[in-house]
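Report on one structure; see the data block that follows.
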Amino acid sequence: AQTAKQVIMQRLRDAERTNIYNEFIEYENEIMTGVVDRQDFRYVYVNLGKIVAGMTKQDQIPTEEYLPDQRIKVLVSKVDNTTKGPLIFVSRTHPDLLKRLFEQEVPEIYEEIIEIRNIAREAGSRSKVAVYSNDENLDVKGACIGRNGMRIQNIIDELCGEKIDIVLWNEDITEFVKNALNPAEVLSVEIIEEGEENMKVARVLVAENQLSLAIGKKGQNSRLAARLCGVKIDIHTEPA
Numbered sequence: 365a366q367t368a369k370q371v372i373m374q375r376l377r378d379a380e381r382t383n384i385y386n387e388f389i390e391y392e393n394e395i396m397t398g399v400v401d402r403q404d405f406r407y408v409y410v411n412l413g414k415i416v417a418g419m420t421k422q423d424q425i426p427t428e429e430y431l432p433d434q435r436i437k438v439l440v441s442k443v444d445n446t447t448k449g450p451l452i453f454v455s456r457t458h459p460d461l462l463k464r465l466f467e468q469e470v471p472e473i474y475e476e477i478i479e480i481r482n483i484a485r486e487a488g489s490r491s492k493v494a495v496y497s498n499d500e501n502l503d504v505k506g507a508c509i510g511r512n513g514m515r516i517q518n519i520i521d522e523l524c525g526e527k528i529d530i531v532l533w534n535e536d537i538t539e540f541v542k543n544a545l546n547p548a549e550v551l552s553v554e555i556i557e558e559g560e561e562n563m564k565v566a567r568v569l570v571a572e573n574q575l576s577l578a579i580g581k582k583g584q585n586s587r588l589a590a591r592l593c594g595v596k597i598d599i600h601t602e603p604a
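Read in the working numbering, the sequence shown has 557 at position 193, and its numbers run on one by one without any break.
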């Protein structure tokens with residue numbers, strides 16, 4: 365009788381683990397709201413209701429402090445099925461978290477009227493989001509920002525004041541690079557190919573008073589723009 369009881373209990377535990385895994389695999393790469401449980405030198409543990417997920421150092425926003433019972437939105441980045449049960453990992457730094465937040469705040473993105481083409485993100489500091497729409501009559505930037513900036517401000521607040529640049533995607537790479545280097549005013553962009561792998565390089569010309577804006581603090585503006593556009597950016601000033 366004791367053996368039978370142990371077998372039944374083990375099967376019930378296995379069934380429960382399978383159910384939890386099946387439920388959370390559906391949430392992989394989706395956003396969830398959790399409650400900070402505790403933290404140690406490896407993880408911040410986030411209670412998602414039926415299970416506690418782990419958030420590694422790389423998935424934690426460097427400028428953010430995680431306090432017990434704090435409610436946070438996280439991206440379910442990985443769901444593993446192990447012999448000890450399902451292991452769930454969540455992230456606050458993944459670019460897809462930003463994408464899902466935009467889907468929640470901007471109906472036009474959720475309804476696929478506006479498409480997010482790419483995201484370059486340095487979590488907790490600054491991000492650039494490339495957006496596009498087939499609707500020529502739609503103010504794409506305005507829709508993403510919202511009236512009085514409310515839509516984008518809700519996302520900024522959720523991400524600890526992370527600055528977000530909305531960039532209009534353009535099929536013409538020269539125009540796309542110009543847009544991506546905003547707020548700097550770009551005079552011209554020339555695309556050349558370098559090296560054996562034909563790496564595209566954008567030679568960007570700006571006025572001297574726009575150079576620091578184009579490069580950004582510690583090179584951040586040009587670095588994010590390069591990642592967003594998938595090219596190397598080489599910035600020059602207008603010859604005297």
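C-beta atoms are modelled at their ideal positions from N, C-alpha and C, and glycine is treated no differently. Values in this document were obtained by computation on a predicted structure and should not be read as measured data.
Counting the other CB atoms within 10 Å of its CB gives M419 a total of 16 or more, which places it among the buried residues. Beta-bridge pairing by DSSP links G449 to T446. For R375, the number of other beta carbons within 10 angstroms of its own is below 16, and it is reported as exposed.
Unbroken beta strand (DSSP E) runs of no fewer than 3 residues, entirely contained in the segment 460 to 548, are found at 479 to 486, 490 to 496 and 527 to 532, following chain order. Looking at the backbone, the Cα of D536 and that of V408 are separated by about 43 Å. With contacts defined as CB atoms closer than 7 Å, V443 and E475 fail to qualify as a contacting pair. Straight through space, the alpha carbons of V504 and I473 are spaced by roughly 10 Å. Residue pairing by DSSP places S455 opposite L439 in a beta bridge. Closest in alpha carbon position to I425, among V454, Q366, D499 and D433, is V454. Excluding sequence positions up to five before and after E522, its CB lies within less than 7 Å of the CB of K437 and L465, all in the same chain and listed in chain order. T427 has its alpha-carbon roughly 22 Å from the corresponding atom of R515. Taking the Cβ atoms as the reference, A548 lies roughly 4 Å from L577, within the contact range of under 8 Å.
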